[in-house]
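Here's the structure, in structure tokens; my notes come after.
Residue numbers (this note's numbering): 67 to 309.
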């Protein structure tokens with residue numbers, strides 16, 4: 067049947083000489099793959115530029131339940147980027163966010179709250195003028211809430227001052243292992259979690275090296291909680307543009 071839905075482009079792969087398959091997180095159906103025919107032709111009816119990572123679309127699709135690959139009938143932009151395609155840092159952040167979503171959002175069912183969160187993040191990134199270096203950390207923290215494993219900020223100085231990435235809580239002692247944030251970094255993480263919950267959050271000032279280590283720790287946190295999360299290809303580029 068023909069259905070209308072919004073969707074966020076997470077990844078595209080080439081298919082045949084003229085077509086692509088796009089993995090899109092949709093408002094109505096959750097994560098789905100769509101065949102888009104003819105989009106790689108010189109005089110394509112639809113612009114391939116609209117299929118960049120994190121593009122927000124209005125879509126008309128031929129949808130059939132339990133089909134591995136759905137078919138796209140029409141699509142157009144649901145939000146026209148003002149800065150992301152023209153800003154190197156924002157473009158890489160969009161690539162990173164799209165890859166995180168592709169790796170972590172698996173459900174083929176509607177999740178209105180998650181879709182609205184992603185939509186809000188896209189518009190915020192496009193309109194943001196400062197604090198971009200903190201965006202990967204805040205995005206990972208906020209997304210974990212919708213995925214069901216938001217960290218428990220039960221930090222207590224001198225007592226629960228290590229963070230257990232596998233359990234998602236602060237603990238009183240820890241081995242020197244990739245499973246744990248040690249005290250200095252755990253305190254920074256606690257401060258970030260605390261400020262993120264405030265009505266008008268002001269980003270905690272974090273040194274560049276600590277941001278990089280914290281990003282690595284948060285990605286390990288995701289690896290503990292998301293099946294087959296693995297390594298993100300965009301991280302090395304992200305580190306370079308935010309250095």
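Ideal Cβ placement from N, Cα and C applies to all residues, glycine included.
Spatial neighbours of residue i in its chain, beta-carbon cut-off 6 Å, leaving aside the 5 residues before and after
i, result
"residue 93", "71, 72, 181"
"residue 114", "105"
"residue 169", "295"
"residue 240", "228, 246"
Exposed unless 16 or more other CB atoms sit within 10 angstroms - verdict on residue i
i, result
"residue 188", "buried"
"residue 156", "buried"
"residue 293", "exposed"
"residue 78", "buried"
"residue 310", "There is simply no residue 310 to check, as the chain begins at 67 and stops at 309 in what is shown."
"residue 146", "exposed"
"residue 202", "buried"
"residue 309", "exposed"
"residue 131", "exposed"
"residue 143", "exposed"
"residue 210", "buried"
Residue i, enclosing beta strand (DSSP E) - first and last residue
i, result
"residue 97", "96 to 102"
"residue 72", "68 to 81"
"residue 243", "Here residue 243 belongs to no beta strand (DSSP E), and DSSP marks it neither H nor E."
In DSSP terms, what residue i is bridged to
i, result
"residue 207", "DSSP, once it has assigned bridges, lists no residue as partnering residue 207."
"residue 88", "78, 100"
"residue 237", "228"
"residue 125", "71, 141"
"residue 218", "235"
"residue 135", "99"
Residues near residue i in its chain [Cβ-Cβ closer than 8 Å; skip 5 each side]
i, result
"residue 177", "96, 212"
"residue 179", "212"
"residue 227", "221, 236, 238, 249, 252, 253"
"residue 99", "87, 88, 89, 90, 134, 135, 136"
"residue 282", "none"
Close beta carbons around residue i, own chain, < 7 Å, minus the five adjacent residues each side
i, result
"residue 185", "122"
"residue 76", "89, 90, 91, 119, 164, 167, 168"
"residue 279", "251"
"residue 173", "96, 97"
Opening and closing residue of the alpha helix (DSSP H) in which residue i lies
i, result
"residue 252", "249 to 262"
"residue 152", "Segment: none, residue 152 is in no alpha helix (DSSP H) and carries neither H nor E."
**Asked** Does the stretch 209 to 225 come close enough to the stretch 255 to 265 to have 3 or more Cβ pairs within less than 8 Å?
**Response** Yes, the stretch 209 to 225 is in contact with the stretch 255 to 265.
**Message:** So, does the stretch 145 to 154 touch the stretch 271 to 282, judging by three or more C-beta pairs under 8 Å?
**Reply:** No contact exists between the stretch 145 to 154 and the stretch 271 to 282.
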